Amino acid sequence: MTAKRMILSAVCVLFVVICTGSALAALPTMDAVKPFLPKMDGWQADDPTGMQGKDLLLVERRYVKNDDTNLTVLVTMGEEANHAPMFDVYSEQKIDRIETGDGYVQFVKIGKFQAMEQFVKSDGTAMVWVDLGNTAWLGATGEKMSVDEVKAVVTGMDLAALAALAPVAAK
(Lines of atoms letter the chains of each structure in order from A and count residues from 1; the text may use other names and numbers.)
(Lines give C-alpha, C1' and ligand atoms only; values in the text may rest on other atoms or scores of the structure.)
Protein backbone atom coordinates (compact mmCIF):
# COMPACT_ATOMS: atom_id res chain seq x y z
CA MET A 1 0.00 0.00 0.00
CA THR A 2 1.40 3.38 -0.97
CA ALA A 3 1.86 6.20 1.52
CA LYS A 4 -0.87 8.25 -0.19
CA ARG A 5 -3.32 5.38 0.03
CA MET A 6 -2.47 4.79 3.72
CA ILE A 7 -2.99 8.47 4.52
CA LEU A 8 -6.29 8.53 2.59
CA SER A 9 -7.46 5.37 4.39
CA ALA A 10 -6.50 6.83 7.75
CA VAL A 11 -8.36 10.07 7.00
CA CYS A 12 -11.47 8.09 5.94
CA VAL A 13 -11.38 5.96 9.11
CA LEU A 14 -10.89 9.07 11.26
CA PHE A 15 -13.83 10.80 9.50
CA VAL A 16 -16.11 7.79 10.16
CA VAL A 17 -15.04 7.60 13.81
CA ILE A 18 -15.60 11.34 14.34
CA CYS A 19 -19.01 11.32 12.62
CA THR A 20 -20.17 8.21 14.47
CA GLY A 21 -18.99 9.64 17.78
CA SER A 22 -20.77 12.92 17.07
CA ALA A 23 -24.08 11.20 16.34
CA LEU A 24 -23.92 9.14 19.53
CA ALA A 25 -22.77 12.07 21.67
CA ALA A 26 -25.62 14.28 20.43
CA LEU A 27 -28.26 12.23 22.28
CA PRO A 28 -28.16 13.05 26.00
CA THR A 29 -28.13 10.36 28.67
CA MET A 30 -31.01 9.63 31.00
CA ASP A 31 -28.92 11.06 33.84
CA ALA A 32 -28.62 14.38 31.97
CA VAL A 33 -32.41 14.65 31.61
CA LYS A 34 -33.47 13.48 35.10
CA PRO A 35 -32.59 16.77 36.89
CA PHE A 36 -35.14 18.60 34.69
CA LEU A 37 -38.02 16.50 36.02
CA PRO A 38 -39.90 18.54 38.62
CA LYS A 39 -39.72 18.09 42.37
CA MET A 40 -43.15 18.86 43.78
CA ASP A 41 -44.04 19.50 47.41
CA GLY A 42 -46.91 17.38 48.65
CA TRP A 43 -46.40 14.73 45.96
CA GLN A 44 -44.72 11.33 46.18
CA ALA A 45 -42.52 10.65 43.16
CA ASP A 46 -41.21 7.39 41.78
CA ASP A 47 -37.62 7.23 40.63
CA PRO A 48 -37.41 8.20 36.96
CA THR A 49 -37.50 5.28 34.54
CA GLY A 50 -37.04 5.00 30.82
CA MET A 51 -34.92 3.64 28.07
CA GLN A 52 -31.82 4.75 26.24
CA GLY A 53 -31.25 3.62 22.70
CA LYS A 54 -28.94 4.70 19.92
CA ASP A 55 -31.55 6.96 18.31
CA LEU A 56 -34.14 7.44 21.06
CA LEU A 57 -34.27 8.46 24.71
CA LEU A 58 -37.37 8.17 26.91
CA VAL A 59 -37.42 9.36 30.51
CA GLU A 60 -40.58 9.16 32.60
CA ARG A 61 -41.45 10.05 36.17
CA ARG A 62 -44.73 9.36 37.95
CA TYR A 63 -46.11 11.40 40.82
CA VAL A 64 -48.96 10.63 43.23
CA LYS A 65 -50.74 13.19 45.40
CA ASN A 66 -53.57 11.05 46.71
CA ASP A 67 -55.54 7.99 45.60
CA ASP A 68 -57.13 9.84 42.67
CA THR A 69 -54.57 12.45 41.60
CA ASN A 70 -51.63 11.27 39.53
CA LEU A 71 -49.22 13.00 37.19
CA THR A 72 -46.82 11.51 34.66
CA VAL A 73 -44.08 13.56 33.00
CA LEU A 74 -42.40 12.09 29.92
CA VAL A 75 -39.42 13.44 27.96
CA THR A 76 -38.68 11.96 24.53
CA MET A 77 -35.59 12.84 22.50
CA GLY A 78 -33.86 11.60 19.39
CA GLU A 79 -34.28 11.15 15.68
CA GLU A 80 -37.27 8.87 16.32
CA ALA A 81 -39.04 11.60 18.34
CA ASN A 82 -40.26 13.57 15.36
CA HIS A 83 -43.30 15.85 15.32
CA ALA A 84 -46.70 14.46 16.20
CA PRO A 85 -49.44 14.51 13.55
CA MET A 86 -51.60 16.87 15.66
CA PHE A 87 -48.95 19.57 15.42
CA ASP A 88 -48.89 19.11 11.66
CA VAL A 89 -52.65 19.71 11.60
CA TYR A 90 -52.14 22.92 13.56
CA SER A 91 -49.34 24.21 11.37
CA GLU A 92 -51.12 23.37 8.10
CA GLN A 93 -54.66 24.36 9.05
CA LYS A 94 -53.97 27.03 11.70
CA ILE A 95 -56.58 25.44 13.98
CA ASP A 96 -56.46 26.84 17.51
CA ARG A 97 -59.08 24.71 19.26
CA ILE A 98 -61.00 21.54 18.53
CA GLU A 99 -64.08 20.86 20.66
CA THR A 100 -64.92 17.22 21.25
CA GLY A 101 -68.03 15.78 22.83
CA ASP A 102 -66.01 15.05 25.95
CA GLY A 103 -63.57 17.96 26.17
CA TYR A 104 -61.23 19.81 23.87
CA VAL A 105 -57.80 20.01 22.26
CA GLN A 106 -56.20 23.44 22.07
CA PHE A 107 -52.95 24.68 20.59
CA VAL A 108 -51.11 27.23 22.73
CA LYS A 109 -47.67 28.68 23.33
CA ILE A 110 -45.76 27.91 26.52
CA GLY A 111 -42.93 30.38 26.56
CA LYS A 112 -41.44 30.21 23.08
CA PHE A 113 -42.61 26.65 22.51
CA GLN A 114 -45.62 25.39 20.58
CA ALA A 115 -47.79 23.23 22.83
CA MET A 116 -51.02 21.29 22.77
CA GLU A 117 -53.33 20.93 25.72
CA GLN A 118 -56.15 18.45 25.96
CA PHE A 119 -58.86 17.85 28.52
CA VAL A 120 -61.14 14.81 28.79
CA LYS A 121 -64.14 15.65 31.00
CA SER A 122 -65.39 12.10 31.58
CA ASP A 123 -62.31 10.99 33.49
CA GLY A 124 -60.79 14.35 34.46
CA THR A 125 -57.58 13.79 32.49
CA ALA A 126 -55.53 16.79 31.41
CA MET A 127 -52.60 16.53 29.02
CA VAL A 128 -50.02 19.04 27.90
CA TRP A 129 -47.56 18.26 25.11
CA VAL A 130 -44.70 20.65 24.39
CA ASP A 131 -42.71 20.59 21.17
CA LEU A 132 -39.13 21.25 22.30
CA GLY A 133 -37.77 21.10 18.76
CA ASN A 134 -38.07 18.54 16.03
CA THR A 135 -36.21 15.91 18.03
CA ALA A 136 -37.65 16.48 21.52
CA TRP A 137 -41.01 16.40 23.29
CA LEU A 138 -42.24 16.86 26.80
CA GLY A 139 -45.59 15.39 27.80
CA ALA A 140 -47.43 15.72 31.10
CA THR A 141 -50.63 13.85 31.88
CA GLY A 142 -52.61 14.53 35.03
CA GLU A 143 -55.43 12.37 36.27
CA LYS A 144 -58.07 14.31 38.25
CA MET A 145 -56.22 17.52 37.44
CA SER A 146 -57.17 20.59 35.42
CA VAL A 147 -55.22 21.69 32.36
CA ASP A 148 -54.10 24.77 34.30
CA GLU A 149 -52.65 22.57 37.07
CA VAL A 150 -50.73 20.42 34.60
CA LYS A 151 -49.60 23.49 32.67
CA ALA A 152 -48.31 25.04 35.92
CA VAL A 153 -46.05 22.01 36.40
CA VAL A 154 -44.77 22.26 32.82
CA THR A 155 -44.18 26.02 32.95
CA GLY A 156 -42.20 25.54 36.16
CA MET A 157 -39.67 23.44 34.27
CA ASP A 158 -36.67 24.89 32.44
CA LEU A 159 -37.96 24.06 28.97
CA ALA A 160 -35.28 26.06 27.13
CA ALA A 161 -32.45 24.23 28.88
CA LEU A 162 -34.17 20.89 28.34
CA ALA A 163 -34.62 21.68 24.65
CA ALA A 164 -30.93 22.60 24.42
CA LEU A 165 -30.06 18.99 25.35
CA ALA A 166 -31.89 17.62 22.34
CA PRO A 167 -29.88 16.53 19.33
CA VAL A 168 -30.15 18.55 16.16
CA ALA A 169 -32.09 16.73 13.44
CA ALA A 170 -30.27 15.63 10.34
CA LYS A 171 -31.34 17.70 7.36
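First residue of the sequence shown? That's 103 in our numbering, and the numbers climb one at a time after it. Even for Gly, the Cβ is constructed at its ideal location relative to N, Cα and C. This one's a predicted model, so the numbers in the text were calculated from it and none came from an experiment.
Taking a contact to require three or more Cβ pairs closer than 8 Å, the segment 235-252 and the segment 145-153 do not qualify as touching.
In the structure shown, the three-state DSSP call for Met247 is coil.
Lys253 is classed as buried because its beta carbon has at least 16 other beta carbons within 10 Å across all chains shown. Of the candidates Ala262, Glu245, Ala268 and Val270, the residue whose Cα lies closest to the Cα of Tyr165 is Glu245. In the DSSP assignment, Val166 falls within the unbroken beta strand (DSSP E) covering Leu159 to Val166.
When secondary structure is reduced to three states using DSSP, Asp204 falls in the coil class, being assigned neither helix nor strand.
Here Ala128 really is in contact with Val270; their C-beta atoms are around 7 Å apart, less than 8 Å.
Taken through DSSP and simplified to helix, strand or coil, Leu267 comes out as helix.
In the displayed model, Thr178 falls within a strand according to three-state DSSP.
Annotated as distal: Val249 and Ala266, with beta-carbon spacing of 8 Å or more. A check of alpha carbon separations from Glu201 across Lys223, Ala268, Asp148 and Leu173 identifies Lys223 as the nearest. Excluding the 5 residues flanking it on each side, Gln216 has same chain C-beta neighbours closer than 6 Å at Asp233, in chain order.
Within the same chain, Phe138 and Pro140 come within 7 Å of Met259 by CB-CB distance, once the 5 residues on both sides are set aside. Residue state for Leu240 is assigned as strand, using DSSP reduced to three classes.
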